[in-house]
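The listed protein sequences derive, respectively, from chains W and E.
For the first sequence, my numbering gives the first residue as 389, with consecutive numbering after it.
For the second sequence, my numbering gives the first residue as 389, with consecutive numbering after it.
A virtual CB, placed ideally from N, CA and C, is assigned to each residue, including glycine.
Just so you know, these numbers come straight off a predicted model, no measurement behind them.
Number of protein chains: 2
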Amino acid sequence: MTRTITHTPDPKLDLVLERVVDVPPKLVWAAWTRPEYVKKWFTPAPWQTVDCEIDLRPGGIFRTVMRSPEGQEFPNSGCILEAIENEKLVWTAALGPGYRPQNVSADVPLFTAVILLEPRGAGTKYTALVIHGNEDAAKKHAVMGFHDGWGKALDQLVALAKTM
Amino acid sequence: MTRTITHTPDPKLDLVLERVVDVPPKLVWAAWTRPEYVKKWFTPAPWQTVDCEIDLRPGGIFRTVMRSPEGQEFPNSGCILEAIENEKLVWTAALGPGYRPQNVSADVPLFTAVILLEPRGAGTKYTALVIHGNEDAAKKHAVMGFHDGWGKALDQLVALAKTM
């Protein structure tokens, strides 16, 4: 179970955020895998993440509840696929906990997120690869503000990591 | 990555085939994970499995091409989720290789298959747990002949294992 695949992004189907940040992989890992931290950075302000549950093993739950500035809540229960400490986290919205296929309408764009961490001096090369099933889903996610949103969230993650 | 979840079937959403067979886990494992064997037992005759590709690691491909007695071919590219030698194999049709969400219409009932092997004397307690997203998908799969089909395929697997 330790061998892992290499991911080659498809430019038509995938969205990628890559950046070198000045906090080490172990703190980025903690920010991504401990619910009390996730709630502090996961959604760009003024959105909030008001609840989070993580069972950090293949098949385990990755659940968040995001709240809009107007107070509307958006619960998501995804599934952890890989958790290689300080290196690689994979979770998907296409499966629920225990690998159950999601019961959602076809126009909800489901994705799988691959978070890769590599040491760069005292910092981390951070890669978020977001994998979609078709071009329409990828475009919708891009238009919804993927790069701005995931970038701002990463800023929040880094600021949080510096307080750990 | 070695910790694995415990699966509790949901009677409304899941289908289960459980049987003790008189071949050891390592032969059942070989039959499930080597394409040249899968092609020989995976589909109840007179259906055939005419092609198979397996990359036996999380995120790797699990692809089969089934052919009906009339010659119509049904290709499926799923994704391996867990591969614990001689013990547990999990693959899903809800994700393609590399964990890409499938681009299929909502009326295709997607499932995740969990194959569990436990030694029983010189044989194996074989459990196939098939997990669906909703009751309709589970019912469709049951009506399509899940128990008869997976049972006959298991008979073929056991007959093959005895020739290994």
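**Message:** Here's the rule: buried if 16 or more other CB atoms are within 10 angstroms of the residue's CB, otherwise exposed. What is E/H535?
**Reply:** Here residue 535 of chain E refers to the residue found at position 147 when the second sequence is read from its first residue. With fewer than 16 Cβ atoms within 10 Å of its Cβ, E/H535 is classed as exposed.
**Message:** Based on DSSP bridge pairs, tell me the residues matched to W/Y514.
**Reply:** Counting from one through the first sequence, the residue named residue 514 of chain W turns up at place 126. DSSP output for W/Y514 lists W/R407, W/L505 as bridge partner(s).
**Message:** Residues of chain E with CB closer than 9 Å to the CB of W/E470, please, in chain order.
**Reply:** To locate residue 470 of chain W, count along the first sequence from 1; it is residue 82. The contacting residues are M389, P446, G447, Y487.
**Asked** Between which two residues does the alpha helix (DSSP H) carrying E/F534 extend?
**Response** Locating residue 534 of chain E in the second sequence gives position 146, counting from the first residue. Counting along the chain, E/F534 sits inside the alpha helix (DSSP H) bounded by residues 534-549.
**Asked** Who are the near neighbours of W/D543 in its chain, counting only those whose CB is closer than 7 Å to its CB and skipping five residues on each side?
**Response** For the purposes of this step, residue 543 of chain W is taken as residue 155 along the first sequence, with counting starting at 1. Same-chain partners within the cutoff: there are none.
**Prompt:** Pairing CB atoms from the segment 472-486 of chain W with CB atoms from the segment 494-514 of chain W, are three or more of them under 8 Å?
**Reply:** yes
**Asked** At a CB-CB cut-off below 7 Å, which residues of chain E make contact with W/G466?
**Response** By one-based count along the first sequence, residue 466 of chain W stands at place 78. The contacting residues do not exist; W/G466 stays about 11 Å from chain E at best.
**Request:** Please check the pair E/A526 and E/W429, which I expect to be a contact at CB under 8 Å, by giving their CB distance rounded to whole angstroms.
**Result:** Stepping through the second sequence from its first residue, residue 526 of chain E is reached at position 138. Stepping through the second sequence from its first residue, residue 429 of chain E is reached at position 41. E/A526 to E/W429, Cβ: 24 Å. No contact.
**Message:** Given 7 Å as the limit, tell me if W/G521 has its C-beta closer than that to any heavy atom belonging to the ligand GTP.
**Reply:** With respect to the ligand GTP, the structure offers nothing, as it holds no ligand at all.
**Asked** Straight-line CA distance for E/P463 to E/G539?
**Response** Here residue 463 of chain E corresponds to residue number 75 of the second sequence, with the count starting at 1. Here residue 539 of chain E corresponds to residue number 151 of the second sequence, with the count starting at 1. Using only the alpha carbons, I get a separation of about 21 Å.
**Asked** If the cut is a Cβ gap below 7 Å, which residues of chain E does W/N522 touch?
**Response** In the first sequence, counting from the first residue as 1, residue 522 of chain W sits at position 134. Ordered by position in chain E, the residues that pass the 7 Å Cβ test against W/N522 are N491.
**Prompt:** Is the distance from the Cβ of E/G511 to the Cβ of E/V411 below 8 Å?
**Reply:** Counting from one through the second sequence, the residue named residue 511 of chain E turns up at place 123. Counting from one through the second sequence, the residue named residue 411 of chain E turns up at place 23. Contact flag set, yes.
**Request:** Check whether the Cβ of E/L498 lies closer than 8 Å to any Cβ atom in chain W.
**Result:** In the second sequence, counting from the first residue as 1, residue 498 of chain E sits at position 110. Interface residue, yes.
**Message:** I'd like the span of the alpha helix (DSSP H) that includes E/V416, first residue to last.
**Reply:** Here the question's residue 416 of chain E lines up with position 28 in the second sequence. Counting along the chain, the alpha helix (DSSP H) containing E/V416 begins and ends at 413-421.
**Member of E/P457, E/E523, E/I442 whose CA lies at the smallest distance from the CA of E/S346** = Outside the modelled stretch of chain E, which goes from 389 to 552, sits residue 346 of chain E, for which no answer is possible.
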